[in-house]
Amino acid sequence: MRKWSILVVVLSVLFIAAYHPRANQRPVIVSKPPLEFTPGVNYIYAPQAREPDGDPIYWRLERGPSGSFVIIDFVHNYRPILVWDTRHAKRRRWHYFRLVADDGKWGQTRQWWIVKPKQ
């Protein structure tokens with residue numbers, strides 16, 4: 007009888023290991039944005055991220071100065087591109103950005119940075 011109970015425990019552990027979904031992992035942003043901008047010239051940043059689970063990554067700009075937005079480059083494998091029309095920028099002011107990489111399964115990573123005008 008003891009051998010059967012050990013066998014049941016071993017089979018249960020194998021079943022759980024094979025069929026239990028592992029925890030979702032957050033995307034990891036691996037790129038660094040430019041920290042300076044030239045007034046009157048578009049500021050462009052193409053963020054890059056890894057997704058450990060292989061899930062697609064959805065990007066959104068959570069906060070940014072007036073005239074900034076994220077577009078998707080459909081030609082180059084759906085890459086995100088953050089664009090900011092710096093004509094809206096105040097000359098001697100720092101500008102704050104917050105970008106979100108979301109895997110659609112409650113896995114989110116935020117990237118914050120501040121840009122300043124080039125001297």
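Read in order, the letters of the sequence shown are residues 7 to 125 in my numbering.
Note that CB positions come from ideal geometry on N, CA and C, so glycine has one too.
Sheet register partners of residue i (DSSP bridge)
i	result
residue 79	85
residue 68	In the DSSP output, where bridge partners are listed per residue, residue 68 has none listed.
residue 31	Beta-bridge pairing links residue 31 to no other residue.
residue 115	107
residue 63	Note: residue 63 sits in no beta bridge, so no partner.
Exposure of residue i, with buried meaning 16 or more beta-carbon neighbours within 10 Å
i	result
residue 101	buried
residue 109	buried
residue 84	exposed
residue 50	exposed
residue 86	buried
residue 74	buried
Beta-carbon gap between residue i and residue j smaller than 8 Å
i	j	result
residue 52	residue 34	no
residue 29	residue 63	no
residue 111	residue 79	no
Contacts around residue i, its chain only, beta-carbon distance under 8 Å, and the 5 residues preceding and following it disregarded
i	result
residue 48	89, 90, 91 and 92
Inter-residue CB distance, residue i and residue j (contact presumed, cutoff 8 Å)
i	j	result
residue 122	residue 57	Between residue 57 and residue 122 the Cβ distance is about 31 Å, and since that is not below 8 Å, they are no contact.
residue 118	residue 104	5 Å
residue 65	residue 76	5 Å
Neighbourhood of residue i by C-beta, 6 Å cutoff - its chain only, sequence neighbours within 5 removed
i	result
residue 71	101
residue 115	32, 33, 35 and 107
residue 44	124
Own chain, CB closer than 7 Å to residue i, minus 5 neighbours either side, in chain order
i	result
residue 94	71, 72 and 73
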